[in-house]
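Take a look at the structure below.
Residue numbers (this note's numbering): 1 to 152.
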């Protein structure tokens with residue numbers, strides 16, 4: 001675990017650089033049926049969802065370490081963005097790679113629940129159990145009804 005954290009989490013705070021594309025937030029709004037307004041504030045729940053969708057799925061322990069190293073204001077907000085603590089050589093590239101995959105899942109999901117189901121199957125949170133497919137998760141094939149063998 002220590003080696004993973006050393007590779008992903010920087011000892012020093014890095015300068016802020018735009019990391020999360022507007023498309024990420026546009027897709028969150030679309031999947032929830034909300035109207036997206038450029039440069040408008042976002043509901044606070046989006047921060048929790050970002051932690052779930054991005055940081056908790058990067059590598060084991062990374063989210064906890066980022067939280068530990070990033071101080072909070074008296075109101076409870078982080079003083080810096082969590083991604084400012086990711087390393088340049090591993091952490092940021094892995095974040096961008098994961099973000100690309102997440103955006104692809106978002107674009108091909110019709111709504112939030114389907115997206116989250118797909119995300120949990122493809123990129124489960126570290127430390128959680130893998131989801132098993134159940135028959136009711138899948139639509140049956142569109143087959144004609146079977147012939148009536150009793151009546152001949």
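Glycine included, each C-beta is placed from N, C-alpha and C at the ideal position. Remember, it's a predicted structure, so these values are computed and weren't measured experimentally.
- A direct Cα-Cα distance of roughly 14 Å separates residue 82 from residue 57.
- In the structure shown, the three-state DSSP call for residue 78 is strand.
- Taking 7 Å as the cut-off, the Cβ atoms of residue 59 and residue 8 count as close.
- In the three-state scheme derived from DSSP, where H, G and I count as helix and E and B as strand, residue 18 is classed as coil.
- Distance from the CA of residue 70 to the CA of residue 80, rounded to the nearest whole angstrom, comes to 7 Å.
- Cβ contact annotation for residue 10 (same chain, cutoff 6 Å, sequence separation greater than five): 85 and 87, in chain order.
- For residue 56, the three-state secondary structure derived from DSSP is helix.
- Sixteen is the threshold: since fewer than 16 other Cβ atoms of the shown chains lie within 10 Å of the Cβ of residue 127, the residue is exposed.
- For the pair residue 92 and residue 31, the CB atoms are not nearer than the 7 Å cut-off.
- When DSSP states are grouped into helix, strand and coil, residue 86 belongs to the strand group.
- Rounded to whole angstroms, the separation of the alpha carbons of residue 102 and residue 123 is 9 Å.
- The DSSP-derived three-state label of residue 102 is helix.
- The three-state secondary structure of residue 11, taken from DSSP, is coil.
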